[in-house]
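Protein chains in written order, with my numbering: chain A, 82 to 181; chain B, 105 to 502.
In this text, a Cβ means the ideal position worked out from N, Cα and C, and glycines have one as well.
Input: a single structure, listed below in structure tokens.
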């Protein structure tokens, strides 16, 4: 498969050429400041947002953030800054067991 | 994050969205480069967020497709502040107007007080002030400053010896010293009249007392002219205050030196006026720009302090008058020089004698022209009142 071939090349390049993985492989980069802030780059869109839960679409799978009194401070096409009290950050893989 | 300052400057709007699939709408919005922040959920199907004012119209289009309903809640930022300011501009105008009025009224003359003058002189002073434009209700910065008023009053009102002009707040205080103080009726004690200098008596007008000398008599200084002791011989003399004028011919010598050539400056009528505001030491021209092209000039500068209520502001209003002057050389002929010199000498002597003295005759004793100067010695004959009082003391009498 062409896609997995490209993916393998990218993974190899990232490993051997000392390039950051998120740039090479379109992975999300998540920065957390304690429990109060979470900053996610490279997401693919908003799926659900309540004050207790935020669900983001990633290139592969989804990211589920649970907590309390969420406020999206900023949202840009590929970045999101969430404020509140964060309890869990969960990756949901794209397999038959996933929620979607 | 975007700079909050620009957001404030261009204004922001809080949007409330109700409906299903709000997340989908948010995705659409951010993909269309609409900047969204402070997204909050209220209940199951309501969300609020903030956007820039310039995006507010754009989002309607996207919202219509999504099937959600939106409403705009709060508006803040500079454009809305400005709008409110315009709506309430009456207050602002009022405040500015108030300050302007207080400022103007602080610079109006509200009173002129004249102290130490007789009613007649006061009337004259007030008329002179009127002519200068110093009136109640006029602006202080359009009239002369205190020194100028002082100078003009002393020049134009003859009765004044000195006048002090002081501006206290909005009132001009004029302290006047008159040449002729109102005469207090003096109760005269018994006295004689004696001569104050040697003279030949020309006329005698005696109101009271006994004449001792007569017309055409030569009298020495200190000689008794009119006695205060009257009464018939053999009786106890009565003491009175001798009163009257004794006119005598007196002599004065004058010495004058007058240069034949003299140079002085005269204004030729060309002038330039400049007005400016003075902030501390920084001058801002208001009217009258450009440089003058006068070679020889004199500058007159008037500084008017501006007031606000009782305080002096660090701002002054300055008006300058630059007048061109020309050098003028005056040359007298011998004849003219002599006449001038005599006049000068006369003026000198007038200062020494009483005002009512009469010049009878003048004679040039000596005339030299030396080093471009006329040197004259002049002899004057003057008729003046030579009588002065001398009290009669009891000791002399007894």
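Which residue wins for smallest C-alpha separation from residue i, given the options the options?
i, options, result
"residue 156 of chain A", "A:142, A:127, A:140 and A:132", "A:127"
"residue 167 of chain A", "A:130, A:160, A:161 and A:149", "A:149"
"residue 452 of chain B", "B:206, B:326, B:360 and B:428", "B:360"
"residue 160 of chain B", "B:442, B:137 and B:149", "B:137"
"residue 143 of chain A", "A:87, A:109 and A:132", "A:109"
"residue 321 of chain B", "B:257, B:350 and B:449", "B:350"
"residue 146 of chain B", "A:120, A:130, A:123 and A:125", "A:130"
"residue 161 of chain A", "A:172, A:122 and A:96", "A:122"
"residue 313 of chain B", "B:443, B:168, B:365 and B:494", "B:494"
"residue 458 of chain B", "B:228, B:130 and B:489", "B:489"
"residue 148 of chain B", "B:164, B:140 and B:126", "B:126"
"residue 153 of chain A", "B:208, B:140, B:156 and B:356", "B:140"
"residue 369 of chain B", "B:433, B:403 and B:424", "B:433"
"residue 384 of chain B", "B:364, B:422, B:163 and B:216", "B:422"
Could you give the first and the last residue of the continuous alpha helix (DSSP H) run that contains residue i?
i, result
"residue 223 of chain B", "223-236"
"residue 193 of chain B", "193-210"
"residue 108 of chain B", "108-114"
"residue 447 of chain B", "438-456"
"residue 465 of chain B", "Counting along the chain, residue 465 of chain B falls outside any alpha helix (DSSP H), though it belongs to the beta strand (DSSP E) covering 462-474."
Any C-beta of chain B sitting closer than 8 Å to the C-beta of residue i?
i, result
"residue 113 of chain A", "no"
"residue 107 of chain A", "no"
"residue 132 of chain A", "yes"
"residue 99 of chain A", "no"
"residue 179 of chain A", "Unreliable positioning characterises residue 179 of chain A in this predicted model, as indicated by a pLDDT of 44, which lies under 50. A coordinate reading is not provided."
What do you reckon, are the CB atoms on residue i and residue j nearer than 8 Å?
i, j, result
"residue 270 of chain B", "residue 306 of chain B", "no"
"residue 413 of chain B", "residue 247 of chain B", "no"
"residue 504 of chain B", "residue 267 of chain B", "No statement about residue 504 of chain B is possible, as the shown extent of chain B runs from 105 to 502 and does not include it."
"residue 297 of chain B", "residue 330 of chain B", "yes"
"residue 420 of chain B", "residue 408 of chain B", "yes"
"residue 496 of chain B", "residue 480 of chain B", "no"
"residue 110 of chain B", "residue 154 of chain B", "no"
"residue 430 of chain B", "residue 400 of chain B", "yes"
"residue 426 of chain B", "residue 398 of chain B", "yes"
"residue 300 of chain B", "residue 492 of chain B", "yes"
"residue 225 of chain B", "residue 281 of chain B", "no"
"residue 335 of chain B", "residue 345 of chain B", "no"
"residue 274 of chain B", "residue 212 of chain B", "yes"
"residue 347 of chain B", "residue 311 of chain B", "yes"
If you follow the beta strand (DSSP E) that residue i is part of, which residue opens it and which one closes it?
i, result
"residue 388 of chain B", "386-391"
"residue 129 of chain A", "127-130"
"residue 524 of chain B", "This structure gives no information on residue 524 of chain B, because the portion of chain B shown stretches from 105 to 502."
"residue 324 of chain B", "Unbroken run through residue 324 of chain B: none, as it is neither H nor E."
"residue 165 of chain B", "It is not in any beta strand (DSSP E) - residue 165 of chain B instead sits in the alpha helix (DSSP H) that spans 160-170."
"residue 303 of chain B", "303-312"
Is residue i close to the ligand ATP? I mean its beta-carbon at under 7 Å from any heavy atom of the ligand.
i, result
"residue 86 of chain A", "Questions concerning the ligand ATP fall outside what the structure shown contains, since it holds no ligand whatsoever."
Counting contacts by CB-CB distance shorter than 8 Å, is residue i in contact with chain D?
i, result
"residue 148 of chain A", "Going by chain labels, chain D is absent from the structure shown, which instead holds the protein chains A and B."
Interfacial residues, the region 150-173 of chain A to chain B, with Cβ spacing under 7 Å: 152, 153, 154, 155, 156, 157 and 158
Please list, in chain order, the residues of the region 136-151 of chain B that have any C-beta partner in chain A closer than 7 Å. 140, 141, 142, 143, 144 and 145
Using a Cβ-Cβ cutoff of 7 Å, what residues of the region 110-139 of chain B are near chain A? List them in chain order. 127, 130, 131, 134 and 135
At a CB distance below 8 Å, what residues from the region 114-128 of chain A approach chain B? Give them in sequence order. 126, 127 and 128
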